[in-house]
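Just so it is clear: in the sequence shown, position 148 is 130 by the working numbering, and no numbers are missing.
In what follows, a structure is listed as C-alpha cells, so that the remarks can point back to it.
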Amino acid sequence: MNIFVLLKQVPDTETKIRLKGDNSGIESGDIKWIVSPYDEFAIEEGLKTKEANGGTVTVLTAGPDRCVEALRTALAMGADNAMHVKTDGDNLDTFQVAKALAAVLKQNTPDLVFAGKQAIDDDQAAVFGYVAEFLDIPSVSVVIKVEMANDKKSLRAHREVDGGAKHIIESTLPCLVAVNKGINSPRYASLPGIMKAKKKEIKTFTLADLGVAGETARVSESAYAMPPERSAGKKIEGDAAAQAKELVRLLREEAKVI
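Written as C-alpha cells, this is what we have:
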C-alpha cells in the first residue's frame, strides 16, 4: 500500500509564547518545535497499517526549513520517505497549505492518507478536509479505530462524536483518515532509527514547482493578542456561615454566575 501521512510542526506546549512588537504574529526564535501530537497518532497508524498490509509510509509537510526536523522525527519512528513543501514563511492559510499538499499527493497517488484531526497550535481542523476535497476522495474525521478489508480496497473507520456516541463508517480506497487520540500509542524512535533518519534524503518542492504559487489566502489574520491575565484569588474570612454568605454574594455580583 502507498500510505501518506500529513504532519505539521507546532510550538511545544511548554514553550512560553511571546508576541511580536506589532502583534502580527509570535516570536519564533526561542520556540521549541515539535510534531503536532495528533499527527504522531497519524504516523503510528500509518506504520501499523504498513506492518499489517505491506507497502511504504511517506510523511509530508509544508512549511519553512525548520520543518525538516519534524520529518526526521517521523523517519526515525519508521517512515520510509519524507517530502517537504518549502514555503517562505508561516503566512500561508489552511487553503494554501492544503492546495500544496494535495498537489504533491496527486503526483504520488496514495492508497490511504492519514492526518491528525487538528493541529494543536491553531485548532482549525481544516487542512485535511480541504485536501480530501481537492483530491476528490472521501474523508473520515475523529477516528479512533481503523479496520482494513481483506482485499485492501476499503476500510471501516470507527469515530467518536459528542456525547460518547460512536459511528462506524465504511469507505472505499483511496480515502483520508483524520485520527483522534486513543487510536494507538505512538512508538518512540530507536537510536538506530534516529541515526538512519539523519542520512535519509528528503524530497523538496516549492510552491512554484507544484503550480500553486499563485494561490491567494482565503483567511487573513489581522492581529494576535495574549489572553488577559487572571486576577488574584480572594480569601474569604469568617466562620462557615459568613464565608458561605460572602461566597454567594461574590458569585452573584462579581462573577455573575448565579
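Ideal Cβ positions, reconstructed from N, Cα and C, are used throughout, including at glycine.
Here the structure is a predicted model, which means the values were calculated and not measured.
Exercise. Can you give me the Cβ contacts of Leu29 inside the same chain, cut-off strictly under 8 Å, excluding the 5 residues immediately before and after it?
Key: Val39, Met59, Gly60, Ala61, Arg169
Quiz item: Distance, Cα to Cα, Ala223 vs Lys238?
Solution: 21 Å
Quiz prompt | Touching by the beta-carbon criterion (3+ pairs, under 8 Å), the segment 225 to 232 and the segment 203 to 212 | solution = no
Quiz item: How should Leu233 be labelled, buried or exposed, when 16 other C-beta atoms within 10 angstroms of its C-beta is the threshold for buried?
Solution: Leu233 comes out exposed.
Quiz prompt | Backbone CA spacing between Ala114 and Ala199 [nearest angstrom] | solution = 18 Å
Quiz item: Using DSSP with H/G/I as helix, E/B as strand and the rest coil, what is Arg231?
Solution: helix
Quiz item: Secondary structure at Gly111, three-state DSSP: helix, strand or coil?
Solution: helix
Self-check item: Nonlocal neighbours in the same chain, by C-beta distance under 7 Å from Asn35, ignoring five residues either side
Solution: Met(-17), Met130, Lys134
Quiz item: When the Cα of Glu152 is compared with those of Lys127, Gly164, Lys163, which residue comes out closest?
Solution: Lys127
Exercise. Pick out whichever of Trp15, Glu219, Val17, Arg0 has its Cα sitting closest to the Cα of Lys9.
Key: Going by the sequence as given, residue 9 is Glu instead of Lys. It is Arg0.
Practice problem: Please determine if the segment 42 to 50 and the segment 153 to 168 are in contact, where contact requires at least 3 C-beta pairs separated by less than 8 Å. | Solution: no
Quiz item: According to DSSP, what are the bridge partners of Pro(-7)?
Solution: Trp15
Quiz item: Apart from the five residues just before and just after Pro120, which ones in its own chain have a Cβ nearer than 6 Å to its Cβ?
Solution: Ser153, Cys157
Quiz item: Hey, how far is the Cα of Ser172 from the Cα of Ala85?
Solution: 32 Å
Exercise. Identify, in the order they occur along the chain, each residue of the same chain with its Cβ nearer than 8 Å to the Cβ of Leu87, setting aside the five sequence neighbours on each side.
Key: Phe(-14), Leu42, Val95, Val113, Leu117
Quiz item: At which residues does the alpha helix (DSSP H) containing Ile176 begin and terminate?
Solution: Residue range 173 to 181 is occupied by the alpha helix (DSSP H) that includes Ile176.
Quiz item: Val41 by DSSP, collapsed to three states: which one?
Solution: strand
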